[in-house]
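K.L.:
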Amino acid sequence: MYMLEQIVSNFRHNGTYASGAPYGSGHINDTFKIDTKETDQYNYILQRVNHHVFKDVPGLMENVERVTSHIRKKIEANPDSNPDREVLTVIPTHNNSSYHVDSDGNFWRMYIFIWDNKSYDVVDSPEKAFEGGRMFGQFQSQLADLPGKPLNDTIPNFHNIAWRLDTFMDTLKRNPVGRADLVKEEIDFVLARAEEMKTILRLGEAGEIPLRITHNDTKFNNVLLNQEDKGLCVIDLDTVMPGYVHYDFGDSIRTSTNTGAEDDPDLDKIEMDIHLFEGYTKGFLHETKDTLNQVEIDHLAFAGKLFPYMIGLRFITDYVDGDNYFKVHHEHHNLQRARAQFKLLTSMERQFEAMKEIVRKYAGGRDAKT
Ligand code: ADP
Ligand code: GN1
Ligand code: MG
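Numbering (my numbering), first residue to last: -16 to 353.
(1) Please name the residue in H269, A346 and T182 whose C-alpha comes closest to that of A145.
(2) Counting pairs of Cβ atoms below 8 Å between the stretch 270 to 287 and the stretch 302 to 317, do you hit three or more?
(3) Could you say which of F172, P248 and S108 lies nearest to F203 if we only look at CA atoms?
(4) Do L134 and P225 have their beta-carbon atoms positioned less than 8 Å apart in this structure?
(5) For S102, verify whether its CB is less than 7 Å away from any heavy atom of the ligand ADP.
(6) State the CB to CB distance for the pair S81 and E48, rounded to an integer number of angstroms; the pair is presumed to be in contact (CB under 8 Å).
(7) How is the alpha helix (DSSP H) around M44 delimited, first residue to last?
(8) Taking 7 Å as the cut-off, does the CB of N241 come closer than this to any heavy atom belonging to the ligand MG?
(9) Confirm the yes/no value for this check: CB of T222, any heavy atom of the ligand GN1, distance under 7 Å.
(10) Let's test the definition: count the other Cβ atoms within 10 Å of the Cβ of P291 and tell me whether it reaches 16, buried, or not, exposed.
(11) Taking Cβ to Cβ, would you say G120 is nearer than 8 Å to T242?
(12) What did DSSP end up calling G190 once you bin it into helix, strand or coil?
(13) Mind reading off the beta-carbon distance from V217 to F122? Whole number of angstroms is fine, and I expect it under 8 Å.
(14) Quick one: what's got a C-beta closer than 8 Å to H77's C-beta in the same chain, skipping five residues either side?
(15) Quick check on R362: does DSSP put it in helix, strand or coil?
(16) Taking the alpha-carbon positions, what's the L215 to L207 distance?
(17) At the level of alpha carbons, what is the spacing between G295 and Q324?
(18) Should E188 go down as buried or exposed, given a rule of 16 or more other Cβ atoms within 10 Å for buried?
(19) What is the residue span of the alpha helix (DSSP H) that L(-13) lies within?
(20) Let's test the definition: count the other Cβ atoms within 10 Å of the Cβ of M(-16) and tell me whether it reaches 16, buried, or not, exposed.
(21) Of all the options P139, I196, D219 and E191, which has the alpha carbon lying nearest to the alpha carbon of K132?
(22) Just to confirm the assignment: which complete beta strand (DSSP E) runs, minimum length 3, are found wholly within the stretch 125 to 197?
(23) Between the alpha carbons of E336 and L328, how many angstroms are there, rounded?
(24) Give me the pocket residues for the ligand MG, defined as CB within less than 5 Å of any heavy atom, sorted by chain position.
(25) What is the DSSP secondary structure of F203, counted as helix, strand or coil?
(26) List the residues that DSSP assigns as beta-bridge partners of Y94.
(27) Tell me whether Y82, by its Cβ, gets closer than 7 Å to a heavy atom of the ligand ADP.
(28) What three-state label does DSSP hand T14 in the structure shown?
(29) Output the boundary residues of the beta strand (DSSP E) element that contains P5.
(30) Taking only the alpha-carbon atoms, compute the straight-line gap between L289 and D149 and give it to the nearest angstrom.
(31) Report yes if the C-beta of K38 is less than 7 Å from at least one heavy atom of the ligand GN1; otherwise report no.
(32) Are the Cβ atoms of E114 and D212 separated by less than 8 Å?
(33) Using the rule of at least 16 other Cβ atoms within 10 Å of the residue's Cβ for burial, across every protein chain shown, is W98 buried or exposed?
(34) State yes or no: is the C-beta of L250 within less than 8 Å of the C-beta of R322?
(35) Would you report the Cα separation of H269 and F298, rounded to the nearest angstrom?
(36) Whole angstroms is fine: what's the gap from E245's alpha carbon to N199's?
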């Protein structure tokens, strides 16, 4: 439906366009893999950035350029590395811009396709979980000394749970497509935990945990692994902005430890696997434990619970709103997703003591109290 070859011709890439096809399983942007004819030239990822979700695409791309060039410099300092595979490479347009706007007002960008990668929606071993933790932990350390002004907020209030709760209540009141009656059980589930879930916000407001540069979309499939299942590259940088460490740890735990799919219709398949939790936590703390303060460490296990709650709440809000935000593949998809996330949360609630114990173990004897 898009004239891919024509769109690609606006970018200063190497090689000759051969074909383009939809790629990946993201919920927000439209992603295409572009193959070139020559075997010795790169292939590419072309993306239409969802400008209804990201209202300031130029600001977003400014972040992506700053973040990728900063990380690239660090990678280039290591002679054994391959920067074109270990960090996203933005391909500029002929006007030297990081994005192209088409005649319909769509925003397009292009990256080198990271070749020979493996990507997983569901994680099946503690070793893979460890690699995810190591990569997202490393990503946060690499950006700790990013010079210049703070990054742009690409989605205001993105992980502000109080704002998410208010939005849910407003959407229920508006009830635009008559679905509010279908989610009575979920409303009770959400309200019963609402105050507890504001913990991270309160700690931030009290100055007990610092704002850092966080990725904010640390789904496991946003880290690519190499053929040996070792961490290769962190991708999907649209939401990199100021945030709390808990946002990155929590969203990863949500996807790296779930024995079922994010939207599994069979709730019996969904549990938090404590061995996967251990693998991820070990990798993440290996990279970050020396920079995190005690309060941050103390609340990592809690962050694991926050994210199935947060994303479940966003799915159910979108369901009541009439499916305007996440791509859905069938009528009640967002409801199914929310139920799956809430099941995952109840599994974590049952295993919370064991989660805290593991954080304690890999934080080097520091105490996880909450
Ligand atoms: P979304 O925000 O929609 O999830 P992503 O940026 O994560 O978009 O891209 C969607 C998928 O495309 C990813 O899950 C990954 O499989 C693939 N992908 C994205 N960028 C690259 C890249 N530079 N090289 C290889 N694969 C990529
Ligand atoms: C979206 O773009 P993608 O599919 O990686 C969403 C995340 C959610 C996720 C749930 C910008 O991520 O916040 O956690 O779906 N991204 C945005 O799968 O809203
Ligand atoms: Mg993604």
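Quick reminder that beta carbons are idealized off the backbone N, C-alpha and C, glycines included.
It should be emphasised that the depicted structure is a prediction, and the values quoted were computed from it without experimental measurement.
P.N.:
The relevant details are as follows:
(1) Indexing the sequence shown from 1 puts residue 145 at position 162. The residue with the shortest Cα to Cα distance from A145 is T182.
(2) no
(3) Here residue 203 refers to the residue found at position 220 of the sequence shown. Comparing Cα positions, the closest option is S108.
(4) The residue labelled residue 225 in the question sits at position 242 within the sequence shown. The residue labelled residue 134 in the question sits at position 151 within the sequence shown. Their beta carbons are under 8 Å apart, which means P225 touches L134 by this criterion.
(5) Counting from 1 along the sequence shown, the entry for residue 102 is found at position 119. Yes; taking the cut-off as 7 Å, the Cβ of S102 has a heavy atom of the ligand ADP nearer than that.
(6) Position 98 of the sequence shown, counted from the first residue, corresponds to residue 81. Position 65 of the sequence shown, counted from the first residue, corresponds to residue 48. That belief holds up - the Cβ atoms of S81 and E48 are roughly 5 Å apart, short of 8 Å.
(7) Translated into positions along the sequence shown, residue 44 becomes position 61. Where M44 is concerned, the enclosing alpha helix (DSSP H) stretches over V40 to E59.
(8) As a working mapping, residue 241 is identified with position 258 in the sequence shown. No.
(9) Along the sequence shown, read from residue 1 onward, the residue named residue 222 stands at position 239. Yes - the ligand GN1 has a heavy atom lying nearer than 7 Å to the Cβ of T222.
(10) Along the sequence shown, one-based indexing puts residue 291 at 308. By the 10 Å Cβ count, P291 comes out buried.
(11) Along the sequence shown, one-based indexing puts residue 120 at 137. Along the sequence shown, one-based indexing puts residue 242 at 259. Result no, Cβ atoms of G120 and T242 do not sit closer than 8 Å.
(12) Here residue 190 refers to the residue found at position 207 of the sequence shown. If DSSP states are grouped into helix, strand and coil, G190 belongs with coil.
(13) One-based indexing of the sequence shown puts residue 217 at position 234. One-based indexing of the sequence shown puts residue 122 at position 139. So it is a contact: roughly 5 Å between Cβ atoms.
(14) Counted from its first residue, the sequence shown places residue 77 at position 94. Cβ neighbours of H77 beyond the five flanking positions: N(-7), F(-6) and R(-5).
(15) Nothing can be reported for residue 362: it is not among the residues displayed for the chain, which extend from -16 to 353.
(16) Numbered from 1 along the sequence shown, position 232 holds the residue referred to as residue 215. Numbered from 1 along the sequence shown, position 224 holds the residue referred to as residue 207. Near 6 Å, if we compare the C-alpha coordinates of L207 and L215.
(17) Locating residue 295 in the sequence shown gives position 312, where the first residue counts as 1. Locating residue 324 in the sequence shown gives position 341, where the first residue counts as 1. Answer to the nearest angstrom: the Cα atoms are 5 Å apart.
(18) As a working note, residue 188 is residue 205 in the sequence shown. It counts as exposed.
(19) In the sequence shown, counting from the first residue as 1, residue -13 sits at position 4. L(-13) to V(-9) is the span of the alpha helix (DSSP H), which, as asked, contains L(-13).
(20) On the sequence shown, position 1 is the one that residue -16 refers to. The residue in question, M(-16), is exposed, as its Cβ has fewer than 16 Cβ neighbours within 10 Å.
(21) Here residue 132 refers to the residue found at position 149 when the sequence shown is read from its first residue. Here the closest residue by C-alpha is I196.
(22) 195 to 197
(23) Against the sequence shown, residue 336 aligns to sequence position 353. Against the sequence shown, residue 328 aligns to sequence position 345. If you take the alpha carbons of E336 and L328, they lie about 14 Å apart.
(24) G9, N205 and D219
(25) Counting from 1 along the sequence shown, the entry for residue 203 is found at position 220. DSSP places F203 in helix when its eight states are reduced to three.
(26) As a first step, residue 94 is located in the sequence shown; it is residue number 111 there, counting from the start. I28 and V73, per the DSSP bridge assignment.
(27) Start at 1 with the first residue of the sequence shown, and residue 82 comes out as number 99. Answer for Y82: no, Cβ out of range of the ligand ADP.
(28) Within the sequence shown, the letter at position 31 stands for residue 14. Looking at T14 - three-state DSSP - the assignment turns out to be strand.
(29) Here residue 5 corresponds to residue number 22 of the sequence shown, with the count starting at 1. Y0 to P5 is the span of the beta strand (DSSP E), which, as asked, contains P5.
(30) Residue numbering aside, residue 289 sits at position 306 when the sequence shown is read from its first letter. Residue numbering aside, residue 149 sits at position 166 when the sequence shown is read from its first letter. The alpha-carbon atoms of L289 and D149 are separated by roughly 16 Å.
(31) Position 55 of the sequence shown, counting from 1, holds the residue named residue 38. Every heavy atom of the ligand GN1 is 7 Å or more from the Cβ of K38, so no.
(32) Your numbering for residue 114 matches position 131 in the sequence shown. Your numbering for residue 212 matches position 229 in the sequence shown. Yes, Cβ-Cβ distance for E114 and D212 is below 8 Å.
(33) Numbered from 1 along the sequence shown, position 115 holds the residue referred to as residue 98. It is exposed - the Cβ of W98 has fewer than 16 other Cβ atoms within 10 Å.
(34) To locate residue 250, count along the sequence shown from 1; it is residue 267. To locate residue 322, count along the sequence shown from 1; it is residue 339. Result yes, Cβ atoms of L250 and R322 sit closer than 8 Å.
(35) In the sequence shown, counting from the first residue as 1, residue 269 sits at position 286. In the sequence shown, counting from the first residue as 1, residue 298 sits at position 315. Looking at the two C-alpha atoms, the distance is approximately 32 Å.
(36) Against the sequence shown, residue 245 aligns to sequence position 262. Against the sequence shown, residue 199 aligns to sequence position 216. Rounded to the nearest angstrom, the two C-alpha atoms are 17 Å apart.
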